[in-house]
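Colleague: Sequential numbering from 1 applies to the sequence shown in the UniProt record's numbering. Every residue gets a Cβ at the ideal spot worked out from N, C-alpha and C, and that includes glycine.
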Amino acid sequence: MDLKQLFKTPNPIIGVVHLLPLPTAPGWGGNLKAVIDRAEQEATALASGGVDGIIIENFFDAPFTKNQVDPAVVSAMTVVIQRLMHLVAVPIGVNVLRNDAHSALAIATVVKAQFIRVNVLTGVMATDQGLIEGQAHQLLRYRREIGSDVKIFADVLVKHARPLSSPNLTVAVQDTIERGLADAVILSGWATGSPPDLQDLELAKAAAHDTPVLIGSGASWENISTLMQAADGVIVSSSLKRHGRREQTIDPIRVNQFVEAARSSKQKLIEDQIEIKDQGSEIRS
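(1) Would you kindly work out how many angstroms separate the C-alpha atoms of residue 26 and residue 42, rounded to a whole number?
(2) To which residues of the same chain is residue 164 closer than 7 Å at the C-beta, ignoring the five residues directly before and after it?
(3) Taking the C-alpha atoms as reference points, what is the distance between residue 184 and residue 154?
(4) Since residue 13 and residue 233 should fall inside the 8 Å C-beta cutoff, what is the C-beta to C-beta distance between them, to a whole number of angstroms?
(5) Within the same chain, show all residues whose beta-carbon is closer than 6 Å to that of residue 172, passing over the 5 residues directly before and after it, in chain order.
(6) Using 8 Å for Cβ pairs, my map puts residue 132 next to residue 98. What's the rounded Cβ distance?
(7) Skipping 5 residues on each side, what residues in its chain have a beta carbon closer than 7 Å to that of residue 24?
(8) Round the Cβ separation of residue 150 and residue 108 to the nearest angstrom and send it over; I've been treating them as touching at under 8 Å.
(9) Helix, strand or coil: which one does DSSP assign to residue 55?
(10) When you compare the CB positions of residue 224 and residue 261, do they come within less than 7 Å of one another, or not?
(11) With DSSP as the reference, label residue 266 as helix, strand or coil.
(12) Can you tell me which of 207, 247, 161 and 251 puts its alpha carbon nearest to the alpha carbon of residue 189?
(13) In chain order, what residues of the same chain lie with their CB nearer than 7 Å to the CB of residue 128, ignoring the 5 residues before and after it?
(14) Do you know how far the Cα of residue 122 is from the Cα of residue 142?
(15) Within its chain, find whatever has a CB closer than 8 Å to the CB of residue 93; leave out the 5 residues flanking it on each side and keep chain order.
(16) How would you label residue 248, buried or exposed, when you count the other beta carbons within 10 angstroms and need 16 or more for buried?
(17) I want to check one thing, is the minimum distance from the CB of residue 75 to the heavy atoms of the ligand ATP below 6 Å?
(18) Can you list, in chain order, the stretches of the alpha helix (DSSP H) that have 4 or more residues and sit fully within the segment 136-183?
(19) If you drop the 5 nearest sequence neighbours on each side, which residues of the same chain put their C-beta closer than 7 Å to that of residue 110?
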């Protein structure tokens, strides 16, 4: 998949809007307008701060069901995301937690969003929701059945989970791409707010070949210059919140700070690579 074609940059910065609790969630407040208002505020802050894409997810619906969410959640997310599609111009993605990829794909297709995030596409993971089995077989056939061109971004060894077998990152990445047919892969730390190890990112990038590898958690303006050395893009949320606290709203100042740090670090990396290449050419001459 060509990230530049989707995001207008080969190294996208993708912000996340965490929706307030939706209908049937334990924390549901009974007011969908409040959910929409906060989502609009956060999406606007992200877009005006310079992110290249936004993922919408039902983050505050915890504790999550492991597979299919209630139809009320699908309905509410469709309404909210459609509003955001009319509000911001950047590409929109959908993540229906914990692992309802079919609903995410259906929502994205209907509202004409561009991509979805799937926590477990292949393999079996032990999570706080129980055992979650990847359903790449059903999802890819469903995408063909409904005539969708929505891209699938899939986590590899997703956070808040452990594989049942010995975790071999290279094999997991290759299976997700070659057997699960993911359009891009995501590598996170072990929990929300925890960054992936740089060495793991390098392994994932080597195993993925031409398939994009995105940082899925723990990125901040302090560490993004290091992490982006081995990744094609980044998905970021917690560090963009006020005071860096996930329950808070998006802070426009933090968005600007992060975007500037991420872009300058990638530009410097490109310049360093060009310089090394030029030096090699001089030596050969």
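Modeller: The answer reads as follows:
(1) For the purposes of this step, residue 26 is taken as the residue at position 26 of the sequence shown. For the purposes of this step, residue 42 is taken as the residue at position 42 of the sequence shown. One C-alpha to the other measures close to 22 Å.
(2) Locating residue 164 in the sequence shown gives position 164, counting from the first residue. If we look at residue 164 and ignore the five residues flanking it on each side, its Cβ neighbours are 124 and 126.
(3) Walking along the sequence shown from the start, residue 184 turns up at place 184. Walking along the sequence shown from the start, residue 154 turns up at place 154. Straight-line Cα distance between these residues: approximately 6 Å.
(4) Your numbering for residue 13 matches position 13 in the sequence shown. Your numbering for residue 233 matches position 233 in the sequence shown. That belief holds up - the Cβ atoms of residue 13 and residue 233 are roughly 7 Å apart, short of 8 Å.
(5) Here residue 172 refers to the residue found at position 172 when the sequence shown is read from its first residue. Once the five neighbours on either side are set aside, the close Cβ partners of residue 172 are 156 and 157.
(6) As a working note, residue 132 is residue 132 in the sequence shown. As a working note, residue 98 is residue 98 in the sequence shown. Contact flag correct, Cβ pair sits at about 7 Å.
(7) What you label residue 24 is simply residue 24 of the sequence shown in a count that begins at 1. For residue 24, where only same-chain residues beyond five positions count, the Cβ hits under 7 Å are 70, 72 and 73.
(8) Counting from 1 along the sequence shown, the entry for residue 150 is found at position 150. Counting from 1 along the sequence shown, the entry for residue 108 is found at position 108. The Cβ separation is near 5 Å, so the contact holds.
(9) Here residue 55 refers to the residue found at position 55 when the sequence shown is read from its first residue. If DSSP states are grouped into helix, strand and coil, residue 55 belongs with the strands.
(10) Working through the sequence shown from its first residue, we reach residue 224 at position 224. Working through the sequence shown from its first residue, we reach residue 261 at position 261. Against a cut-off of 7 Å, the Cβ pair of residue 261 and residue 224 comes out as a contact.
(11) Walking along the sequence shown from the start, residue 266 turns up at place 266. In this structure, residue 266 counts as helix in the three-state DSSP scheme.
(12) As a position in the sequence shown, residue 189 is number 189, starting the count at 1. When only C-alpha atoms are compared, the closest one is 161.
(13) What you label residue 128 is simply residue 128 of the sequence shown in a count that begins at 1. The residues are 160.
(14) By one-based count along the sequence shown, residue 142 stands at place 142. By one-based count along the sequence shown, residue 122 stands at place 122. For residue 142 and residue 122, the distance between alpha carbons rounds to 16 Å.
(15) Along the sequence shown, read from residue 1 onward, the residue named residue 93 stands at position 93. Hits under 8 Å: 14, 53, 54, 55, 56, 108, 113, 114, 115, 116, 117 and 153.
(16) Taking the sequence shown and counting its residues from 1, the one referred to as residue 248 is at position 248. Looking at its Cβ environment, which holds fewer than 16 other Cβ atoms inside 10 Å, residue 248 is exposed.
(17) Ligands in the displayed structure: none, and consequently the ligand ATP is not present.
(18) 136-145 and 169-174
(19) For the purposes of this step, residue 110 is identified with residue 110 of the sequence shown, where counting begins at 1. Cβ within range, chain order: 78.
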